[in-house]
Structures are given as C-alpha cells and as structure tokens.
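Chemist:
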Amino acid sequence: MSKYTQNEMIQPRNVEEEMKDSYLRYSMSVIISRALPDVRDGLKPSQRRILFAMKQLNLSPGGKHRKCAKICGDTSGDYHPHGEQVIYPTMVRMAQDWAMRYSLVDGQGNFGSIDGDPPAAMRYTEARLTSAAIQLMDDLEKDTVDMVPNYDETKKEPTVFPSKFPNLISNGSSGIAVGMATNIPPQNLNELIKATELLLENPTATVEDILKVMPGPDFPTGGIICGYRGIRDAYSTGRGKIILRGVIHTEENPDNPDRARLVVTEIPYNVNKSRLIEKIADLVNDKQLNGIADLRDESDKDGMRIVLELKRNEIPEVTINQLYKYTDLQTTFGCNMLALDKGLPRTMNMKQLIQAWIEHRIEVIRRRTRFELNKAEARAHILEGYLKAIAHLDDVVKIIRASDNRDQAKEALKERYEFSEKQANAVLDLRLYQLTGLEHDKINDEYQELLKKIEYLKAVLASEEMVKDIIREELAEIQKNHKEPRRTEIQAAEGEVNMEDLIADEQVIVTISEDDYIKRMPIDTFREQKRGGQGVTGLNLKRQDDALKGLYVVSTHDYLLIFTSLGRVYWMKAWQVPEFGRAAKGRPLIQMLEDIRPEEKIATVLDVKNLTDEGYVFFATRQGTIKKCRLDEFSNPRRKGVWALDLAEGDQLVSARFATPGDQVMLFTYKGMAVRFDEDQARPMGRQARGVKGVTLKDNDDYVVNAEVVTPEDTVLVVCENGFGKRSRVEDFRQTKRGGVGVKSIITSERNGNVVSALQVNDEDGLVMISQKGQTVRTPVRDLRILGRATQGVKLVNLKEDDHLIAVEKIKHDEDKDSEPTVEGASAEVLDEAKPEE
0 MSKYTQNEMI
10 QPRNVEEEMK
20 DSYLRYSMSV
30 IISRALPDVR
40 DGLKPSQRRI
50 LFAMKQLNLS
60 PGGKHRKCAK
70 ICGDTSGDYH
80 PHGEQVIYPT
90 MVRMAQDWAM
100 RYSLVDGQGN
110 FGSIDGDPPA
120 AMRYTEARLT
130 SAAIQLMDDL
140 EKDTVDMVPN
150 YDETKKEPTV
160 FPSKFPNLIS
170 NGSSGIAVGM
180 ATNIPPQNLN
190 ELIKATELLL
200 ENPTATVEDI
210 LKVMPGPDFP
220 TGGIICGYRG
230 IRDAYSTGRG
240 KIILRGVIHT
250 EENPDNPDRA
260 RLVVTEIPYN
270 VNKSRLIEKI
280 ADLVNDKQLN
290 GIADLRDESD
300 KDGMRIVLEL
310 KRNEIPEVTI
320 NQLYKYTDLQ
330 TTFGCNMLAL
340 DKGLPRTMNM
350 KQLIQAWIEH
360 RIEVIRRRTR
370 FELNKAEARA
380 HILEGYLKAI
390 AHLDDVVKII
400 RASDNRDQAK
410 EALKERYEFS
420 EKQANAVLDL
430 RLYQLTGLEH
440 DKINDEYQEL
450 LKKIEYLKAV
460 LASEEMVKDI
470 IREELAEIQK
480 NHKEPRRTEI
490 QAAEGEVNME
500 DLIADEQVIV
510 TISEDDYIKR
520 MPIDTFREQK
530 RGGQGVTGLN
540 LKRQDDALKG
550 LYVVSTHDYL
560 LIFTSLGRVY
570 WMKAWQVPEF
580 GRAAKGRPLI
590 QMLEDIRPEE
600 KIATVLDVKN
610 LTDEGYVFFA
620 TRQGTIKKCR
630 LDEFSNPRRK
640 GVWALDLAEG
650 DQLVSARFAT
660 PGDQVMLFTY
670 KGMAVRFDED
680 QARPMGRQAR
690 GVKGVTLKDN
700 DDYVVNAEVV
710 TPEDTVLVVC
720 ENGFGKRSRV
730 EDFRQTKRGG
740 VGVKSIITSE
750 RNGNVVSALQ
760 VNDEDGLVMI
770 SQKGQTVRTP
780 VRDLRILGRA
790 TQGVKLVNLK
800 EDDHLIAVEK
810 IKHDEDKDSE
820 PTVEGASAEV
830 LDEAKPEE
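Numbering that gives the first Met the number 0 numbers the first residue of the sequence shown as 0 and each following residue consecutively.
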C-alpha cells in the first residue's frame with residue numbers, strides 16, 4: 000500500500016468531469032499552440048520558433064549554411080521542447096519549393112522531392128534563411144512585437160513576427176486541429192500586394208474588387224484552376240472548392256505520325272508524382288485507359304515531363320478527359336480559411352485576411368516608430384548636453400579639474416548647468432578630440448538632423464495615413480524583388496455557364512408537408528382529369544402524423560420567397576428545390592435553410608420572376624391582419640433570411656401575394672366569408688411593421704385561409720375541404736373597405752365542409768388539388784361552369800373516406816404550349832343553389 004507524506008493531498012474527482020476538462024485543455028492547446036496559423040504572420044508556433052532560432056544563429060541569406068541538426072537542436076533546446084524528430088519535418092517543408100510558394104528556408108542537400116522521396120537525415124543537410132523569412136522578422140529588435148519567456152524562462156521569444164508581407168495569404172497553410180481544420184491556398188505575391196494596396200486606398204472595396212487584381216490562387220506546382228465559382232466562394236465566405244487540373248499538351252511523335260503523345264508538365268498542388276504515374280499504369284493494366292501504349296517519366300532538374308504514348312489513331316482529347324476523370328490530374332482543393340485572429344480560431348474571407356494583416360502592420364509600424372522616437376529623443380538629449388558643454392568649454396574643464404573625483408565633477412556640472420544625470424555622464428565621457436571646432440559642427444549637424452527626425456516620427460504617430468504610406472512604400476520595395484508571373488492558370492470551366500441556363504423554364508409543382516419536407520415534381524407527373532376524378536398518390540408520407548400543408552405551381556426560374564411562422568423570409572430559386580418522384584417525401588427544409596429555428600415552420604411561399612420588379616408583397620395573417628411591402632424590400636437575399644413582418648402573439652402568416660397598383664385584394668375565411676377591397680386601402684410599410692386590420696371575423700373559430708389579388712373581370716374558385724368547390728365572378732362580391740365582415744363566398748355545409756382555399760382563375764388555367772393523405776388531382780378550369788356567389792358548388796375531386804383537401808394551386812396557361820391535354824373521367828352536375836347571403 001502506498002504511503003503519502005503529510006504535505007501531500009489526494010482530491011477525489013469524477014472521472015467524467017476530469018476527462019472533459021482535460022480534453023478541453025488539450026483541444027485548446029492543439030488549436031492555439033500547434034495546428035492553426037496566426038493570421039498576422041501566417042506561421043504556426045513550431046515554424047516561428049525554427050525561423051527565430053535560425054535568426055539567433057545569424058543564418059542570413061548571404062551567409063553560410065549550417066547543419067540542420069544544429070538548427071533543430073537549438074530550436075528544441077531553447078524554444079520548442081517537442082523533439083528534433085518533430086521539428087525537422089517542419090523545417091524541411093519550409094524549404095520545399097513545390098510545397099511553399101515562397102520558401103522560408105534555403106536548404107542544401109536532399110530535402111525530398113515531389114515524388115514523395117524522404118529527405119536525408121538532419122546530420123547530412125544544411126540550411127539558412129531566405130530573403131522572404133528575413134522580411135518576416137525584420138525590425139524584430141525594435142520592440143515591434145511582444146516577447147515572452149520561453150518554456151524554461153531562460154530566453155525570450157516573439158509571440159508573432161512583424162511580417163512585412165501577408166505571409167498567410169501568399170504561402171497558404173494547412174493543418175488539422177481538434178474539431179476544426181484549415182486549408183488556405185497560396186497566392187501570387189505581386190497580385191497580393193496590389194490587392195493590399197487596393198484595401199489601403201479604399202477600405203470599403205469588395206471581394207469583387209479584389210478579384211480584379213488578384214483573380215485566384217497561385218500554386219507552387221502551377222496547374223489550371225477550372226472555373227471561377229470556387230474562387231469566388233472561397234474569397235467571399237472563407238470556404239469553397241477549387242477544381243485544379245494538371246497541364247497536359249499534345250506532341251507529335253516524330254517516329255510515328257499516326258501515334259500522338261501526351262505530355263504532362265504540371266500537376267495539381269499536393270499530388271505525389273510517383274503515385275500519379277503508378278495510378279495511370281494501374282488503370283492501363285486494368286483496361287480502364289485503353290488509349291495509352293507506353294508511359295515514362297522524363298522529369299529532370301529543368302522541370303516535370305511525364306510522357307504518355309498513345310495507340311495508333313487514338314484521339315488525344317478522349318484520353319485527356321479520362322485522365323482528368325480517373326486520376327489525380329484533376330483534384331479538388333477544399334478551401335477553409337481558418338486562422339487565429341486575436342487568439343481565437345476564425346473563418347475569414349479574403350478581405351478580412353488582408354485587413355487583419357494591415358491592422359497588424361499598422362500596429363508594428365507604430366511600435367517601431369515609438370521605439371525609434373524614444374531612441375532619437377534620448378540621443379538628442381545627450382547632444383544637447385554636448386552642445387551646452389562645448390558652449391561653456393573652459394568653465395566645464397575648470398570644474399572637472401577642480402573636482403576630486405568623477406562623482407564630485409558630475410554633481411558640480413548638474414548644479415552649475417542643470418545637466419541631467421545622463422547628460423553629465425556623457426559630458427564626462429567626452430574625449431579631448433571631441434572638443435575641437437570640427438567635432439562641434441558634427442555634433443550640431445547630428446542634433447539638427449535628429450530634431451527633423453523626431454518631428455517626422457511624431458507626425459507618423461499622429462497620422463494613420465502616413466503609417467499607410469509607409470506600408471505602401473515597404474510593399475513596393477518587396478514587389479520590386481517579386482515580379483514573378485503567376486504559375487497557375489485560371490480558365491472558365493469547360494462549358495461553364497450559369498446553372499440556370501441549363502434548366503428549362505417550365506412549370507413545376509412544389510409541395511411542402513407539415514414536417515416541412517419539400518420537393519419539386521414536373522407538372523406532367525399528373526394527367527389532367529375532368530372534375531370529380533380520383534387522381535393519383537402525390538406523396539408518400541413517412542409518418543402517420545405527417546400531412547401536406549402546401550402546394551405551389553411555379554416556374555423553375557422563379558424566385559421562391561419562403562415565409563416562416565415567425566415572420567422571416569428566405570430566398571431560393573425554384574430549380575434549387577430537389578426533384579423527387581410523386582411517391583417520395585422530399586428533403587427537409589431545415590437542411591436547406593440556414594439558421595432556421597426548431598420551432599419555426601414554413602407558413603407560405605410566394606413565387607416572383609424578378610425581385611426588383613415594381614409592385615408589392617401583400618400579406619394576410621390567420622387573424623385577419625394585412626400588410627403591404629414593396630417587393631424590392633426583399634431584393635437582397637441573405638442566407639440566414641430576414642424579417643418580413645411582425646406577428647401578434649398567437650397569429651401566423653397564411654398568405655403572401657404579389658400585387659401591383661390598381662389591383663384589388665380578396666380575403667377568404669374558413670367559414671366561407673370573403674371581403675374585397677382596393678389594394679391602396681393598405682399603405683406600404685417596412686418589413687418590421689405589423690400591419691392593419693383586413694377583415695372582421697364574426698365567429699371565434701373562423702380565420703383567414705387565403706388572400707388573392709384580383710381584378711373585377713376575373714373569376715375566383717373557392718374550394719372546400721370535402722372536395723367541393725365553386726367558380727364565381729369577382730364582381731359578384733360587393734366591394735367594401737378593408738376591415739369589413741364581407742359576404743358569403745360559398746355555403747360551408749356539412750357536405751362541403753369548410754373553405755380550404757380560393758384562387759383567381761380563367762378558362763385557360765389548370766388546377767392541382769392535393770389531399771391530406773397525398774391524393775393529387777389535376778383538372779382544367781374550363782370544366783367548371785361559372786355559378787352564383789352563394790351556392791354549394793360542384794364536386795371537384797372524389798376523395799377517399801377520412802381524407803380531405805388541404806391545398807389547391809393554379810397551373811398558369813403557357814401560350815407556347817397550346818396542345819390539348821389528355822382528358823379522362825366523368826362529369827358532374829351542378830348542385831342546388833342557395834340564396835345569396837350578405
């Protein structure tokens with residue numbers, strides 16, 4: 000049994016809590032101290048410590064190389080106590096010109112190859128710093144960054160480098176932390192400097208402006224970037240997928256004109272050349288690449304050259320496409336621009352990355368200027384003492400000679416001429432030759448120059464614009480030495496066009512279930528039937544308690560404004576709704592709409608052709624409130640949606656319609672009432688407004704089911720839950736002011752049930768009706784005779800027992816398609832009319 004001393008204490012702790020706390024500490028340590036780069040200098044701690052150790056060893060670009068074992072040993076012993084076997088691979092990567100766009104270490108010896116060959120042992124290789132690394136550490140001695148004690152508090156190390164250029168963006172970075180990873184592509188430094196100067200000149204410049212001067216990544220291995228969409232996504236959001244291809248060209252075979260050869264001169268970034276060649280050979284042996292007769296690697300110190308001899312009369316383009324499809328000659332670089340910003344991991348877009356570096360550089364220059372100002376003022380203070388002493392030279396010499404010792408002389412000088420402690424010491428340290436007239440002139444000239452310098456340094460500290468001018472000058476100096484053209488070519492993706500251009504503009508059916516599953520179906524999924532038909536199953540509901548709540552007939556090119564129960568609106572193109580068969584349930588909208596809350600449900604959907612059209616969005620709520628907003632209030636789509644209206648407690652949105660000046664609006668209620676008024680009865684309001692009263696509901700259990708935008712010449716179809724409906728003229732409904740009770744739109748008898756919806760229709764339109772159990776019927780409007788306002792109507796659909804209609808939608812007439820639809824089914828008689836009710 001173990002024995003413990005009196006001073007030791009054992010604290011019992013819950014294993015679960017200990018594991019949680021320990022893992023959290025470990026995770027933060029990996030994120031902050033190991034895997035993620037700092038946005039200011041683009042370096043991870045291990046890289047920074049290696050470069051700092053090399054600077055301490057004076058391994059400048061013009062000096063001698065030193066053994067890597069010495070460098071790794073000093074780094075491990077002084078700054079990074081994680082073992083040389085961890086440090087050496089990090090240093091090797093900083094020396095590989097196929098891994099780093101701008102190498103920070105100049106290696107001598109075997110530092111590996113693009114074929115994946117390992118480097119020689121550290122005792123054989125040597126290294127020194129490159130000019131790029133020196134520029135990262137320039138002015139380190141001028142108090143430009145914070146210095147902290149190393150792990151054993153025997154030395155100081157920098158928390159970050161001054162970084163004269165945006166290293167994180169120019170060299171990129173990759174790393175896997177705990178629960179997060181970073182993968183930042185490198186950029187051409189010449190283009191990056193232009194983008195930085197753009198933001199220095201105009202901080203409000205957009206990502207699109209940056210793209211004009213810095214069109215995309217520039218990988219050290221070259222290659223071709225296919226398409227601009229991935230670049231734009233990465234630059235705008237910090238995340239994106241860039242398709243990268245190797246460079247392949249065709250050469251004639253001088254020995255056999257019938258056989259062409261393909262030559263690969265550049266491969267995608269991070270692709271191992273040897274494995275690529277092995278993969279191609281395997282595909283040839285497996286008969287997946289049938290057009291290749293021979294394969295060889297002719298790469299040398301002058302560059303890469305992989306030769307593929309084609310078979311006789313083989314078409315080169317076919318083999319090239321197969322190589323891109325089946326091998327790593329085409330890869331995807333997944334951008335995730337995650338870096339440490341002020342000590343915290345943050346995903347940043349390109350503008351934010353550049354701005355973070357600019358902010359860091361402004362701080363560095365201010366600290367450097369303060370350091371130089373303090374130094375200049377201290378020197379000027381000493382020179383003032385010299386000049387005062389020379390002006391009273393004979394008396395000063397007399398005082399010194401009359402003093403018994405240095406301290407007595409110093410005190411006498413301070414008392415007689417009001418010298419400071421530093422000035423008195425400096426005067427006592429003067430040598431005799433410095434008292435000559437020539438030296439007096441030199442001291443005076445130096446003093447005048449220092450006064451000008453102090454004035455300039457103070458002006459810099461007082462003006463951010465002067466600081467930015469200094470950054471521009473430093474960048475211009477760096478740019479002179481880095482005018483290397485970009486290596487990676489950017490091409491429009493083959494056949495790259497707007498996705499919408501590839502999709503036919505046609506009407507489709509969009510359905511939404513009570514559980515907010517959405518899907519799109521072609522309109523031809525359902526054949527037209529005469530009224531009274533049974534239709535087909537339109538949806539397979541996975542859960543017994545799920546049901547349909549919305550059906551919309553829209554054009555594939557329309558915008559869908561999706562309004563939620565909390566009053567927010569999201570944007571989506573109709574073609575972006577996933578297409579499923581009629582028996583499928585669809586996809587959960589929660590997977591498609593960002594930041595939607597668990598309690599938030601879809602209330603209604605409005606389709607519009609153009610978000611900038613003149614007109615209004617007319618809202619109606621369940622409790623009879625209406626509101627009118629200009630359509631262009633919703634013309635700036637946002638991924639997380641925007642607020643469309645403010646709902647009263649217990650109320651919910653039931654309808655959103657597009658209206659233009661001069662239109663009329665009709666509100667239809669569950670109990671069969673309808674009110675009709677001019678749209679200008681509601682004034683335009685902002686998105687945050689609640690609205691005004693649109694209809695007075697007499698019964699407590701009555702509520703608004705729909706709003707329709709109409710004209711007096713139109714007809715409206717009112718549909719009840721038991722499958723009955725009636726088509727009437729709009730002018731049969733008395734026009735009133737908003738807020739009235741209205742008139743009967745249909746008799747809500749036991750046979751009919753209550754009102755489900757009402758639509759403005761004409762003879763050329765069609766109808767799609769769907770029941771709670773998914774039964775779907777499509778029928779032409781022309782089969783519905785126009786009846787009086789307060790009648791019971793006719794049977795529209797033959798529903799099964801215990802089922803009822805939940806949605807009706809209009810299929811607009813397409814003038815380009817006048818072919819007669821297939822019509823089948825039986826007719827039905829008009830049922831008895833009743834007297835109108837006011």
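Note that the Cβ used here is the ideal one computed from N, Cα and C, for glycine as well.
Could you give the uninterrupted runs of the alpha helix (DSSP H) lying entirely in the region 206 to 283, keeping only those of 4 residues or more?
Modeler: Qualifying alpha helix (DSSP H) stretches, in chain order: 206 to 212 and 228 to 236.
Chemist: Measure the C-alpha to C-alpha separation of T778 and R345 and round it to an integer number of angstroms.
Modeler: Answer to the nearest angstrom: the Cα atoms are 55 Å apart.
Chemist: For A573, does the three-state DSSP call read helix, strand or coil?
Modeler: Three-state result, A573: helix.
Chemist: Taking C-beta to C-beta, are H359 and S419 nearer than 8 Å?
Modeler: Their beta carbons are not under 8 Å apart, which means H359 does not touch S419 by this criterion.
Chemist: With a cut-off of 8 Å, do at least 3 Cβ pairs link the region 407 to 427 to the region 363 to 372?
Modeler: The answer is no - the region 363 to 372 does not touch the region 407 to 427, with fewer than three Cβ pairs under 8 Å.
Chemist: Which residues in the same chain as S273 place their Cβ atom closer than 6 Å to its Cβ, once the five residues preceding and following it in sequence are excluded?
Modeler: Closer than 6 Å at Cβ, skipping near neighbours: D114 and G115.
Chemist: Could you tell me if K353 is buried or exposed, where buried requires 16 or more neighbouring beta carbons within 10 angstroms of its beta carbon?
Modeler: First, the amino acid is wrong: residue 353 is Ile here, not Lys. With 16 or more other Cβ atoms within 10 Å, it is buried.
Chemist: P11 to I168, Cα distance in whole Å?
Modeler: When rounded, the distance between both Cα atoms is 49 Å.
Chemist: With a 10 Å radius around its C-beta and 16 neighbouring C-beta atoms as the bar for buried, classify K19 as buried or exposed.
Modeler: Counting Cβ neighbours within 10 Å, K19 comes out exposed, since fewer than 16 surround it.
Chemist: Suppose contacts are defined by Cβ-Cβ distances below 8 Å. Is V607 in contact with F657 by that definition?
Modeler: In contact: V607 and F657 (Cβ atoms closer than 8 Å).
Chemist: What would DSSP say about M591, mapped onto helix, strand or coil?
Modeler: Coil at M591, not helix or strand.
Chemist: Please report the Cβ distance between A126 and H64, rounded to the nearest whole angstrom; I am assuming they are in contact, meaning their Cβ atoms lie under 8 Å.
Modeler: Yes, A126 and H64 are in contact; Cβ-Cβ is about 6 Å, under 8 Å.
Chemist: By Cβ distance, which residues of its chain are closer than 6 Å to G537, with the 5 residues on each side in sequence left out?
Modeler: Because the pLDDT at G537 is just 49, under 50, the model does not fix this residue reliably, and the point stays unresolved.
Chemist: For K809 and P597, what's the separation of their Cα atoms in angstroms?
Modeler: When rounded, the distance between both Cα atoms is 31 Å.
Chemist: I'd like the list of long-range same chain contacts for L588, defined as Cβ closer than 8 Å, with 5 residues on each side in sequence excluded.
Modeler: Cβ neighbours of L588 beyond the five flanking positions: I511, D515, Y516, I517, I561, I595 and I601.
Chemist: Is DSSP giving M465 helix, strand or coil here?
Modeler: Looking at M465 - three-state DSSP - the assignment turns out to be helix.
Chemist: Specify, as a first and last residue, the run of the alpha helix (DSSP H) that M93 falls within.
Modeler: Taken as a continuous stretch (DSSP letters only), the alpha helix (DSSP H) holding M93 covers E83 to A94.
Chemist: Count the other C-beta atoms from every protein chain shown that fall within 10 angstroms of the C-beta of T611, then say buried if there are 16 or more, exposed otherwise.
Modeler: Result: exposed.
Chemist: Buried or exposed: R244, going by 16 or more other Cβ atoms within 10 Å of its Cβ?
Modeler: When all chains shown are included, R244 counts as buried.
Chemist: To the nearest angstrom, how far is the alpha carbon of V14 from that of R33?
Modeler: Rounded to whole angstroms, V14 to R33 spans 27 Å at the Cα level.
Chemist: In terms of alpha-carbon separation, which member of K467, M591, D650 and V755 lies closest to L199?
Modeler: L199 has its Cα closest to that of K467, out of K467, M591, D650 and V755.
Chemist: Could you tell me the alpha carbon to alpha carbon distance between Y615 and V568, rounded to whole angstroms?
Modeler: Near 15 Å, if we compare the C-alpha coordinates of V568 and Y615.
Chemist: Out of curiosity, what's the CA-to-CA distance linking S634 and E16?
Modeler: Rounded to whole angstroms, S634 to E16 spans 50 Å at the Cα level.
Chemist: Can the beta-carbon of F723 be found less than 8 Å from the beta-carbon of L795?
Modeler: Yes, Cβ-Cβ distance for F723 and L795 is below 8 Å.
Chemist: Determine the extent of the beta strand (DSSP E) in which F723 is found, giving its start and end residues.
Modeler: That run of the beta strand (DSSP E) goes F723 to R728.
Chemist: Of all the CB atoms in chain B, is at least one closer than 8 Å to the CB of Y446?
Modeler: The structure shown contains no chain B; it is built from a single protein chain.
Chemist: Among Q478, T710 and G685, whose alpha-carbon lies nearest the alpha-carbon of D677?
Modeler: Of Q478, T710 and G685, the residue nearest in Cα terms is T710.
Chemist: Grab the span of the alpha helix (DSSP H) containing G640 for me, first residue to last.
Modeler: Here G640 belongs to no alpha helix (DSSP H), and DSSP marks it neither H nor E.
Chemist: When you compare each of G671, T181 and L139 to S162 by their alpha carbons, which one comes out closest?
Modeler: Checked all of G671, T181 and L139; the closest Cα to S162 is L139.
Chemist: For V426, which residues in the same chain have their Cβ closer than 8 Å to its Cβ, ignoring the five residues on either side in sequence?
Modeler: So the list reads G384, Y385, A388, V395, L412 and F418, once near-sequence residues are dropped.
Chemist: Relative to the C-alpha of C628, which residue among P521, P636 and G685 is closest?
Modeler: C628 has its Cα closest to that of G685, out of P521, P636 and G685.
Chemist: Assuming contact is defined by CB atoms lying nearer than 8 Å, are N751 and N721 in contact in what I supplied?
Modeler: It is a contact, given that the beta carbons lie within the stated cut-off.
Chemist: From which residue to which residue does the beta strand (DSSP E) around Q663 run?
Modeler: Q663 to T668 is the extent of the beta strand (DSSP E) around Q663.
Chemist: Measure the CB-CB distance between A194 and I209 and report whether it falls below 8 Å.
Modeler: Yes.
Chemist: Use the C-beta contact count for V807: other C-beta atoms within 10 angstroms, 16 or more gives buried, fewer gives exposed.
Modeler: V807 is buried by the Cβ-count criterion.
Chemist: Starting from F579, trace the beta strand (DSSP E) both ways and give me its first and last residue.
Modeler: First-last for F579: undefined, no H or E at that position.
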